[in-house]
Amino acid sequence: MNLTTETPTSTSEAHHFGRGILGTALTQLDNAFDLLVLDEGLRALIRQPERELTVAVPIRRDDGTVSVYTGFRVQHSSARGPCKGGIRFHPVVDLNEVRALALLMTLKCAVANLPYGGAKGGISVDPAGLSNYELERLTRRYAAAIMPILGGKRDIPAPDVNTNPQIMAWFMDTVSMIQGHLAPEVVTGKPIELGGSQGRIDATGRGVAITAIEMLRRLARNPKDTSVAVQGYGNVGSHAARILAQEYGCRIVGISDVSGGLYNPKGLSIVSLNDYVDRYPGMLLSGYVADGHMDRISNEELLTLDVDVLIPAAIENQITERNADLIRAQVLVEGANGPTTFEADAILRERGIQVVPDILANAGGVIVSYLEWVQDLQWFFLEASEVQTRLHDVMQRAFEEVWSLAERRQIDMRSAAYLLAVQRVAEAISQRGIFP
Amino acid sequence: MYEKISESDTETQLDRKQVSSLVEAAENIRDNALNLARKKTHPREPDVEMAKFLERRDFVDYFKHGLAQEVSQVIATYDQRVQAVYIFEESANPDAETEEYLQFVDLTIHLLVLVTSASAALESFVTSLDRALTEALNELPSDPFAMRSSFLNVMPITENDIKDGRGYAVLLSSIYARPLKIWQRA
Chain W
23 MNLTTETPTS
33 TSEAHHFGRG
43 ILGTALTQLD
53 NAFDLLVLDE
63 GLRALIRQPE
73 RELTVAVPIR
83 RDDGTVSVYT
93 GFRVQHSSAR
103 GPCKGGIRFH
113 PVVDLNEVRA
123 LALLMTLKCA
133 VANLPYGGAK
143 GGISVDPAGL
153 SNYELERLTR
163 RYAAAIMPIL
173 GGKRDIPAPD
183 VNTNPQIMAW
193 FMDTVSMIQG
203 HLAPEVVTGK
213 PIELGGSQGR
223 IDATGRGVAI
233 TAIEMLRRLA
243 RNPKDTSVAV
253 QGYGNVGSHA
263 ARILAQEYGC
273 RIVGISDVSG
283 GLYNPKGLSI
293 VSLNDYVDRY
303 PGMLLSGYVA
313 DGHMDRISNE
323 ELLTLDVDVL
333 IPAAIENQIT
343 ERNADLIRAQ
353 VLVEGANGPT
363 TFEADAILRE
373 RGIQVVPDIL
383 ANAGGVIVSY
393 LEWVQDLQWF
403 FLEASEVQTR
413 LHDVMQRAFE
423 EVWSLAERRQ
433 IDMRSAAYLL
443 AVQRVAEAIS
453 QRGIFP
Chain E
18 MYEKISESDT
28 ETQLDRKQVS
38 SLVEAAENIR
48 DNALNLARKK
58 THPREPDVEM
68 AKFLERRDFV
78 DYFKHGLAQE
88 VSQVIATYDQ
98 RVQAVYIFEE
108 SANPDAETEE
118 YLQFVDLTIH
128 LLVLVTSASA
138 ALESFVTSLD
148 RALTEALNEL
158 PSDPFAMRSS
168 FLNVMPITEN
178 DIKDGRGYAV
188 LLSSIYARPL
198 KIWQRA
């Protein structure tokens, strides 16, 4: 997807990326363009990143030698506000994928109506090959190198693959030292002690739960009479299950992780499961001593359980044209990124299964990231309960806006989410005009 | 009780793991990984107790990665069908932006092992290796390690799985959370 050297046609992009996540996103983007009847100039402007920076990141190794790595930062859009997006450290950081991820961030922020555009960056490096001092030097050099395009009002990075709050702390410290004052607003995902936000650990899972409940409300379903299955019992899935069970009274009948799943049509004991997870962190569900009322099932079987709500919260491409016809849930809430393939999406749509798309359902993390930034700008920090309340309000409003648009236009929720996002970005660009 | 693993390895690019039992193999894995983690972690005061190191998140991350690399070498030495090994984090959620440092360290070592064909023998070997490794790691002066009953989650995948995007093989083409290759047969 060479967006910087040509104006791509929709067909070529979608074909380039096939029917994977990116191909699907680009197809959705084009659909939104068509529905909004946007002119070619605006389309090209929305497709193309505003700015890209490639930097050399030299560091002195512990043994005195110098290694040079390549770092990137792609800013897709600042039409609605500063750019927002993670920084990843990975040997394979493909620039085309970074561009596409930055675009997806623009859309995700727009759906949630956050005053952000999207960005993404990273360094081509295997972080495990560096010592912790080398990692620090790498982070600091990268921060200094891309600092000309960063800032609380320009571009605010966050953790991503193989980066974490410690790396964000070094990042913030580097920028602060160069600027001459503490600047916590320059990154999010920081440790709490340095201006990180409370209420973030379960943010994404909570957002998934909120959108599930909002969908149930629209379908006039009582959460207490609702059965739920969750694929993936990591950070997103476990919190979504816990919140749905303990705060809304849903019956969690099936959960699974990479080792397999558990099923009890009368409901699993989330308290007991979370106690197991707390006492044995990272232990897989295969190690959980199931009582006599539970069955062990596979991940594939979990997806086809006869439940009201299915939450794929593990990895992408789990619901495909191979199993879409076997899904028995009435509602699917995408806790993971891209769990439903393009072909499966069409099958589910035809079958009348409501899908809450990932771009909406798993936006909870980005929303709390935004709240962290707001707190840092004001030097006023919220309690966890306040953060949760604000997260709830933003998610609820975002859901209502997408739902209403879907109803009005008689389209599915994924199309409505993309349409709403593109509409917001296009509106901002149109009102701002083209400089000069 | 302990399986004898193959001593032959015709790939000269690999270090040969001549071990007489899985117990010894597991202890070597543990000790090599600890040494690697100590080298990567500063400050390197020699008198710091291992228990103190194991409380540090960065040390544990390096240790876990070292374990993964060592386990990969052993598995690959045992089975010539192994072509490459990747490590992934089950809870990775890029774009979440907020909590990449989970409240706890996921000590499970999640590996995708690219094989030319599936093998019950490999599965059995991995189970035995996990048992031996767990015993070795239970000896560490750290509750999270001492209390575990298993550490390895090894998932064999084939090229066809990758092509068809089956199960966790789909991660290899993921743009969100691509696994890290930690071993490759030359």
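Residue numbers (my numbering), protein chains in the order written: chain W, 23 to 458; chain E, 18 to 203.
Positions of the beta carbon are idealized from the N, C-alpha and C atoms, including for glycine.
Since this is a predicted model, take the numbers as computed values, not measurements.
Enumerate in chain order the residues of its own chain whose CB-to-CB distance from residue i is below 7 Å, with the five nearest sequence positions on each side excluded.
i	result
Ser-136 of chain E	Asp-96 and Arg-98
Glu-20 of chain E	Residue placement at Glu-20 of chain E cannot be trusted, given a pLDDT of 29 that sits under 50; the coordinates are not used to answer.
Leu-67 of chain W	Ile-451
Glu-236 of chain W	Gln-418 and Phe-421
Asn-184 of chain W	Arg-110, Phe-111, His-112 and Pro-149
Lys-81 of chain E	Leu-124 and Ile-126
Asp-195 of chain W	none
Gly-289 of chain W	Arg-273, Ile-274 and Val-275
Ser-426 of chain W	none
Ser-166 of chain E	Thr-151
Tyr-79 of chain E	Leu-53, Ala-54, Lys-57 and Thr-58
Leaving out five residues before and five after residue i in sequence, what residues of the same chain have Cβ atoms less than 6 Å from its Cβ?
i	result
Arg-371 of chain W	Asp-434
Ala-336 of chain W	Gln-253, Gly-254 and Ala-358
Arg-95 of chain W	Leu-75, Gly-143 and Ile-168
Ala-68 of chain E	Pro-158
Tyr-103 of chain E	Leu-129, Pro-196 and Lys-198
Cys-272 of chain W	Pro-245, Thr-248, Val-250 and Leu-266
Asn-155 of chain E	Ala-163
Gly-184 of chain E	none
Thr-27 of chain W	Low local confidence applies: a pLDDT of 32 at Thr-27 of chain W is under 50, so the model's placement there is unreliable, and no value is given.
Met-18 of chain E	Low confidence applies to Met-18 of chain E: its pLDDT is 30, below 50, so where it sits in the model is not reliable, and the reading given next is rough at best. Nothing listed; no residue qualifies.
Taking residue i as the reference, give the member of the options with the closest Cα.
i	options	result
Val-355 of chain W	W:Ile-369, W:Asp-347, W:Asp-330 and W:Phe-364	W:Asp-330
Glu-158 of chain W	W:Tyr-302, W:Pro-187, W:Ala-448 and W:Arg-73	W:Pro-187
Val-258 of chain W	W:Tyr-91, W:Ala-267 and W:Ala-231	W:Ala-231
Leu-148 of chain W	W:Arg-102, W:Ser-89, W:Arg-222 and W:Ala-167	First, the amino acid is wrong: residue 148 of chain W is Asp here, not Leu. With distances taken between Cα atoms, Asp-148 of chain W lies closest to W:Ser-89.
Ala-385 of chain W	W:Ser-281, W:Arg-222 and W:Leu-324	W:Arg-222
Asn-170 of chain E	W:Ala-448, W:Tyr-302, W:Ala-251 and W:Ser-308	W:Ser-308
Asp-279 of chain W	W:His-98, W:Ile-292, W:Gln-268 and W:Ser-260	W:Ser-260
Val-115 of chain W	E:Trp-200, E:Glu-66 and E:Arg-195	E:Arg-195
Val-250 of chain W	W:Arg-83, W:Pro-334 and W:Gly-103	W:Pro-334
Asp-75 of chain E	E:Val-88, E:Val-122, E:Thr-151 and E:Glu-44	E:Val-122
Gln-201 of chain E	E:Tyr-79, E:Glu-41 and E:Val-130	E:Val-130
Ser-99 of chain W	W:Gly-93, W:Phe-193, W:Arg-121 and W:Gly-374	W:Arg-121
Ala-186 of chain E	W:Asn-135, W:Gln-376, W:Gln-340 and W:Pro-213	W:Gln-340
Ala-47 of chain W	W:Leu-241, W:Arg-73 and W:Glu-119	W:Glu-119
Ala-346 of chain W	W:Glu-338, W:Gly-202, W:Glu-215 and W:Ala-366	W:Ala-366
Lys-56 of chain E	W:Ser-153, W:Ala-191 and W:Arg-102	W:Ser-153
Ser-294 of chain W	W:Leu-160, W:Ala-205, W:Asp-177 and W:Val-311	W:Val-311
Glu-72 of chain W	W:Phe-55, W:Gly-218, W:Pro-104 and W:Glu-62	W:Pro-104
Arg-82 of chain W	W:Phe-55, W:Pro-137 and W:Thr-161	W:Thr-161
Leu-413 of chain W	W:Gln-400, W:Glu-429, W:Ala-383 and W:Arg-430	W:Ala-383
Assuming the contact rule is C-beta atoms closer than 8 Å, residue i and residue j should be a hit. Round their C-beta distance to whole Å, please.
i	j	result
Leu-123 of chain W	Lys-106 of chain W	Not confirmed; about 12 Å, so no contact.
Thr-326 of chain W	Glu-343 of chain W	The pair is not a contact, with the Cβ atoms about 14 Å apart (cut-off 8 Å).
Asp-182 of chain W	Gly-108 of chain W	3 Å
Gln-100 of chain E	Thr-133 of chain E	6 Å
Ala-149 of chain E	Ala-50 of chain E	The Cβ separation is near 14 Å, so there is no contact.
Asp-84 of chain W	Tyr-155 of chain W	6 Å
Val-107 of chain E	Gly-360 of chain W	According to the sequence provided, residue 107 of chain E is Glu. The question's Val does not apply to it. Not a contact, Cβ separation roughly 16 Å.
Ser-146 of chain W	Thr-92 of chain W	5 Å
Val-390 of chain W	Ala-180 of chain W	Actually they are not in contact, since the Cβ atoms of Val-390 of chain W and Ala-180 of chain W sit about 11 Å apart, beyond 8 Å.
In its own chain, which residues sit with a C-beta less than 8 Å from the C-beta of residue i, not counting the 5 before and 5 after it?
i	result
Phe-457 of chain W	none
Ala-448 of chain W	Leu-58, Leu-60, Leu-64 and Ile-68
Ile-381 of chain W	Leu-126, Leu-129, Lys-130, Val-133, Arg-436, Ala-439, Tyr-440 and Ala-443
Ile-292 of chain W	Ala-263, Arg-264, Ala-267, Gln-268 and Ile-274
Thr-410 of chain W	Before going further, note that residue 410 of chain W is Gln rather than Thr in the sequence given. Hits under 8 Å: Gly-221 and Arg-228.
Ser-190 of chain E	Ile-179 and Gly-182
Ile-375 of chain W	Ile-349, Ala-351, Gln-352, Val-353 and Leu-354
Arg-454 of chain W	Ala-101
Is residue i a contact residue of the ligand SAH, with contact defined as CB to any heavy atom under 8 Å?
i	result
Ala-42 of chain E	Ligands displayed in this structure: none; no statement on the ligand SAH is therefore possible.
(message) For the region 388-407 of chain W against the region 200-211 of chain W, do three or more pairs of beta-carbon atoms, one drawn from each stretch, fall closer than 8 Å, so that the two count as touching?
(response) Yes, the region 388-407 of chain W touches the region 200-211 of chain W.
(message) In chain order, what are the residue ranges of uninterrupted beta strand (DSSP E) at least 3 long that sit wholly in the region 349-373 of chain W?
(response) Positions of the beta strand (DSSP E) runs, each at least 3 residues long and wholly inside the region 349-373 of chain W, are given as 353-355 in order along the chain.
(message) Quick test of the definition: if touching needs 3 or more C-beta pairs under 8 Å, does the region 318-325 of chain W touch the region 290-301 of chain W?
(response) Too few Cβ pairs lie closer than 8 Å, so no.
(message) Give the list of continuous alpha helix (DSSP H) stretches no shorter than 4 residues that lie fully inside the region 100-175 of chain W.
(response) As far as the region 100-175 of chain W is concerned, its whole alpha helix (DSSP H) runs of at least 4 residues are 117-133 and 154-168.
(request) Only counting runs of 4 or more residues, tell me where the alpha helix (DSSP H) segments fall wholly within the region 406-444 of chain W, in order along the chain. (result) Runs found: 406-431.
(message) Give the list of continuous alpha helix (DSSP H) stretches no shorter than 4 residues that lie fully inside the region 207-242 of chain W.
(response) List check, alpha helix (DSSP H) in window: 225-240.
(message) Runs of 4 residues minimum, wholly inside the region 61-97 of chain E: which ones carry the alpha helix (DSSP H) assignment?
(response) Fully enclosed alpha helix (DSSP H) runs of 4 or longer: 67-70 and 74-95.
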